[in-house]
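Read through the structure below, which is laid out as structure tokens, and then see the notes.
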Amino acid sequence: MTSLAQNYQKLNNRIQAACNEAGRPVESVQLLAVSKHQPLTKISALAELGARAFGENYLQEALAKQSDPSAGEEWTWHFIGAIQSNKTRAIAKHFDWVQTLASEKVARRLSEQRPDGRTPLNVLIQVNVDDEQSKSGVSLSQVAPLAAIISSLPNLRLRGLMAIPAPMQGEGEALRAAYTVLHDQYEALRQAGYALDTLSMGMSNDLEIAIECGATLIRVGTALFGPRESSSL
Ligand SMILES: *Cc1c(COP(=O)(O)O)cnc(C)c1O
């Protein structure tokens with residue numbers, strides 16, 4: 036077995052164990068393979084093992100991979116990096132999901148720039164759950180107003196929320212608290228009538244806590260692919 040296949044199996048075992056512990060069906064947690072700074076050969080190998088959804092942070096790197104003939108037509112691509120306004124047109128064209136939506140301006144641009152004839156772009160609102168000024172994402176109080184705006188835009192489909200908590204020390208209590216805040220906000224929007232199905236939280240090191248707190252999508256890079264390479268392709 037290759038190390039990639041071993042990593043994939045280990046990861047699936049971790050997801051299964053976390054779901055068992057949380058009393059959740061394993062199908063309730065989707066895997067996004069975070070492929071930034073990983074070569075296409077590894078992405079293809081992982082696709083052969085069954086992965087279908089890939090997350091990229093850097094537009095140029097992602098476009099190069101997507102346009103390679105060995106990239107699968109059926110793969111779905113999630114943009115999970117910081118969004119600069121001058122990149123929205125390419126993101127709207129080349130991605131199936133955007134997980135890092137955090138402003139009305141970017142939302143309006145993505146909707147306007149989604150090419151005709153495509154299904155609406157799936158989006159998640161990125162929420163700053165730690166009150167750290169340096170972190171991207173909207174504050175909790177801005178989530179509902181932004182959700183209302185997104186819902187009014189024809190070419191976006193609001194699917195849920197995502198967060199990237201700051202690395203936290205200790206027993207995981209601070210992380211659990213941050214993920215619980217995000218889950219509560221997600222449930223509040225559902226109560227308010229939004230048809231959401233995606234709560235994106237949890238990475239290589241904390242996916243068990245995220246699953247315990249209700250994550251429906253985990254974003255895993257290094258636990259699958261190993262360390263990232265410095266060059267992008
Ligand atoms: C890089 C990245 C990940 C993956 O992190 P790992 O620790 O390698 O699993 C997940 N989410 C986002 C937004 C990232 O930028």
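First residue of the sequence shown: 36, per my numbering; consecutive thereafter. Backbone N, C-alpha and C define an ideal beta-carbon position, used for all residues, glycine too.
Check                                                                                                               : Outcome
Stretch-stretch touch, CB-based, cutoff 8 Å, three pairs: the region 210-230 with the region 183-201                : yes
Three-state secondary structure (DSSP) of residue 253                                                               : strand
Top-ranked residue by Cα proximity to residue 52, from 85, 242, 254                                                 : 242
Proximity test, residue 158 beta-carbon vs ligand 1 heavy atom, cut-off 7 Å                                         : no
Which listed residue (77, 240, 230, 62) has its alpha carbon closest to that of residue 107                         : 77
Element boundaries [beta strand (DSSP E), containing residue 157]                                                   : 156-161
CB-CB length for residue 54 against residue 69, believed under 8 Å                                                  : About 20 Å separates the two Cβ atoms, so there is no contact after all.
Straight-line Cα distance separating residue 61 from residue 132                                                    : 22 Å
The region 133-152 contacting the region 112-123, beta-carbon criterion three pairs below 8 Å                       : yes
Sequence-distant residues of the same chain with beta carbon closer than 6 Å to residue 235, five excluded per side : 134, 159, 197, 252
Check: residue 233 C-beta below 7 Å from any heavy atom of ligand 1                                                 : no
In chain order, each alpha helix (DSSP H) run of at least 4 residues that lies wholly inside the region 164-230     : 175-186, 208-226
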